[in-house]
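Using the numbering used here, the first residue of the sequence shown is number 12, and each one after it goes up by one.
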Amino acid sequence: MRNHSSGLVLLLSMLILTGFILPSLLYAAESGCVKCHTNERMLRALHQPVKVVLEEGVG
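Following this line, the structure appears as structure tokens:
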């Protein structure tokens, strides 16, 4: 009887964790940080290169 109840507890725990973790992982992949930080075009648009004027500081 103990093996049956511990297996049931394990199964229920896995179902509950899967019910919370899986949706959050799917949401993270579609929104926020993951989407922006893996988009090369977005990163290039956010980075503004510094303009270097050669007359300043030369010589």
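Virtual Cβ for every residue (Gly too), placed ideally from N, Cα, C.
The three-state secondary structure of residue 62, taken from DSSP, is coil. By the CB criterion at 8 Å, residue 47 and residue 53 fall inside the cutoff. Inter-residue distance for residue 35 and residue 21 is about 21 Å (C-alpha atoms, whole angstroms).
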